[in-house]
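Asks: This structure is in structure tokens; I'll ask about it shortly.
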Amino acid sequence: MALRFLKKIFSGKKETPPIGSIACQDDCYICGLIMADGSVEGDKYNHGKLIASGRFLDGRLHGQGKRYNEGRIMCEGNFIDGHLSGEGKMYSHFGHVIYEGTFAKKPNDYGSAYHGQGREYGYKTGALLYEGDFFYNHWRGHGREYYPDGQLRYEGEFLDNFWHGQGQHYDQNGKLVYAGDFTGVTLSYDR
């Protein structure tokens, strides 16, 4: 059962958050509801600007949530200890999706990475670039790469963003150019 915050918990900060909020580090505060498991469902602010919304545990997104920058959504999905983990989406500063799929925490414990099945889109154009397997932000495994106009360019195996292994390469008219084994070929656009 959720309990509404009734007590201001804040000390020694430059900014005074609204009543019903919890202080975090670095002049941040969270306004919301305390849940039975101790998490908070609400919005997180830094110097009065919304920076995140969703479920928080120990001041970090934990569960479904969204992150914002200058009022624009930057990412949304499932978070564990402040890192995207599982299904989610990333957005460009232009407002369109640049990745949708699964995420994992990076091995060095710094941030999240595209990992598992997903779709990557051009940062500026929003056009689909690639769909398939990712391994810590790299195209690795089976996938499809597309020309900027959406036409299939290559389908097959990838290794660290290169065509590597069995695959088929197509021209911009959809005609098969080559089918067979590739070793380290890359011609990616807008990445």
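Using my numbering, you'd call the opening residue of the sequence shown number 1397 and step up by one each time.
Yeah, the Cβ is synthetic: ideal placement off N, Cα and C, and Gly gets one too.
On a predicted model such as this, the values are computed, not experimentally measured, just so you know.
Suppose contacts are defined by Cβ-Cβ distances below 8 Å. Is residue 1459 in contact with residue 1449 by that definition?
Replies: It is not a contact, given that the beta carbons lie outside the stated cut-off.
Asks: CB-CB under 8 Å to residue 1532, same chain, minus the five flanking residues each way: which ones, in chain order?
Replies: Hits under 8 Å: 1500, 1502, 1503, 1509, 1510 and 1511.
Asks: Which runs of the alpha helix (DSSP H) fall wholly inside the stretch 1496 to 1554 and span at least 4 residues, in chain order?
Replies: Listed in chain order, nothing qualifies, since the stretch 1496 to 1554 has no complete alpha helix (DSSP H) run of 4 or more residues.
Asks: For residue 1475, report the span of its beta strand (DSSP E) as first-last.
Replies: Residues 1468 to 1476.
Asks: Quick one: what does DSSP say residue 1484 is sitting in, helix, strand or coil?
Replies: Looking at residue 1484 - three-state DSSP - the assignment turns out to be strand.
Asks: How would you label residue 1428, buried or exposed, when you count the other beta carbons within 10 angstroms and need 16 or more for buried?
Replies: That one is buried.
Asks: Can you tell which of 1523, 1445 and 1452 has the C-alpha that lies nearest to the C-alpha of residue 1545?
Replies: When each option's Cα is compared against that of residue 1545, the closest is 1523.
Asks: What do you reckon, are the CB atoms on residue 1477 and residue 1456 nearer than 8 Å?
Replies: Yes. Within cutoff.
Asks: Just list the residues that DSSP pairs residue 1563 with in beta bridges.
Replies: Note: residue 1563 sits in a beta bridge opposite 1552 and 1576.
Asks: According to the Cβ coordinates, are residue 1451 and residue 1472 closer than 8 Å?
Replies: For residue 1451 and residue 1472, no; Cβs fall outside 8 Å.
Asks: Within 10 Å of its beta-carbon, does residue 1506 have 16 or more other beta-carbons around it, so buried, or fewer, so exposed?
Replies: By the neighbour-count rule (16 or more Cβ atoms within 10 Å), residue 1506 is not buried but exposed.
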